[in-house]
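Here the sequence shown is numbered in our numbering, starting from 20 and rising by one per residue.
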Amino acid sequence: MGRRKKGLDISGWLILDKPMDMTSTQAVGAVRRLFDAKKAGHAGTLDPLATGILPIALGEATKTVPFAQDGDKLYRFTIKWGERTDTLDREGKVIATSDVRPDRDAIENALPDFVGDIEQIPPKYSAIRIDGARAYDLARAGEEVEMVARPVTVHSLTLMDAPEADLAVFEMRCGKGTYVRSMARDLAHKLGSEGHVAALRRIEVGPFDEADAVTLDELTEMAHKGRALEGLLPVETALDDIPALAVTDEEASFLKQGRPIVLLPRQAQELRDQRRPRDIAGKDGSRMALAMCGETAAAIGEARAGRFEPVRVFNLNNDTSV
């Protein structure tokens, strides 16, 4: 008989305002301990030197992580002109310099070339796997790492401030897989200079933003007062981009058993009307919907040929959840 996993059945999303010098894994561990939760994971790694939004899923919310990861992100970052580092941030070793300091007009004229569907080479110090190993592990071991350009989508890139000749502050809204550090390198090269990320903050991830966030100190205080659950958002918060389907108690029971349910013609038509291209973890998510029984998420599924087939089911009846 296997050992029972320790912790409580707590489900929901905690939106952490991650502090600097903490890895995403360390942040998940800290939150999990404060809730004494059985299961936890995060939706999108945030570099140790970065601050800002790190959505952490507890319990049944971990089943919705791919939906949050595939959402757009909004970053605010500062480029320091004149120096490129091997890590493309302020932690690395300077490997190239330039005397060029681009002015505001030059920067703004260059930005349109980096908006839309573009090709981007990820940093050598990144979590991308190459032949089964993380690129940053290979780079730290001194191995030559060849990074291949890949398509990313940048929805907007705006110059917010240029407080001094060496620094410029930007905001970028982008799709999954976009690297801010690569953007700093490429924009600097476009302007005939060198550059690296001197400061980075993530402001939004999918449906989550700063208004939802709590700091680790705030969460610790709430936990000590027995109020940590007040910081949780519902499991289905990450699913606001897919249609909702109202189901009965009986239908919810069928879905939780992995059994499909028959859609009324009206329901099938409503889901068809809301269908649009969606990429969920590399798969076609255009037919996906969220089955809700009252205020409780029952299942994520696909609407096909007049039926709703469950893909992921939620077991929230006995959980401590919101």
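We put the beta carbon where it would ideally sit given N, CA and C, even for glycine. Just so you know, these numbers come straight off a predicted model, no measurement behind them.
Within a Cβ cutoff of 6 Å, which residues of the same chain sit near residue i, ignoring the five residues on either side of it in sequence?
i	result
leucine 93	Arg192, Ile222, Glu223
leucine 290	Pro262, Ala308, Ala322
glutamate 237	none
isoleucine 280	Glu270, Phe273, Phe327
glycine 26	Asp55, Ala56, Lys57
Look up residue i in the DSSP assignment and give the residues it is bridged to.
i	result
valine 332	Ala318
threonine 172	Asp136
threonine 42	BP columns for threonine 42 are empty, so no partner.
valine 164	None, per the DSSP bridge assignment.
List the endpoints of the continuous beta strand (DSSP E) containing residue i.
i	result
isoleucine 261	Taken as a continuous stretch (DSSP letters only), isoleucine 261 belongs to no beta strand (DSSP E), as it is neither H nor E.
aspartate 36	29 to 37
arginine 95	92 to 100
proline 74	70 to 77
leucine 186	186 to 193
alanine 310	307 to 312
Could you check how far apart the C-beta atoms of residue i and residue j are, in whole angstroms? I think they sit under 8 Å.
i	j	result
leucine 65	valine 50	Not really, about 13 Å apart at Cβ, beyond 8 Å.
glutamate 110	leucine 68	6 Å
tryptophan 32	proline 74	6 Å
valine 266	alanine 317	6 Å
Can you give me the Cβ contacts of residue i inside the same chain, cut-off strictly under 7 Å, excluding the 5 residues immediately before and after it?
i	result
threonine 177	Phe189, Glu190
glycine 250	Leu33, Val233, Leu238, Met241
glycine 194	Asp91, Val171, Thr172
glycine 325	Val281, Leu282, Ala287
Note the first and the last residue of the continuous alpha helix (DSSP H) segment covering residue i.
i	result
alanine 207	199 to 209
methionine 241	235 to 243
leucine 290	284 to 292
glutamate 344	Shown here, the chain extends from 20 to 341; a query on residue 344 therefore has no answer.
Might you give, ordered along the chain, the residues of its own chain that have their beta carbon closer than 8 Å to the beta carbon of residue i, omitting 5 neighbours on each side?
i	result
aspartate 118	Gly101
glycine 60	Val47, Ile75, Ala76, Thr81, Val84
Looking at C-beta atoms only, is the number of pairs between the segment 77 to 86 and the segment 177 to 194 that lie closer than 8 Å three or more? No: the two stretches stay apart, fewer than three of their Cβ pairs being nearer than 8 Å.
Cβ contact (3+ pairs, closer than 8 Å) linking the segment 223 to 235 and the segment 127 to 144: Segments in contact, no.
Count Cβ pairs between the segment 308 to 319 and the segment 44 to 60 that sit closer than 8 Å; are there 3 or more? Too few Cβ pairs lie closer than 8 Å, so no.
Within 8 Å, do at least three Cβ pairs link the segment 106 to 117 to the segment 197 to 215? Yes, the segment 197 to 215 touches the segment 106 to 117.
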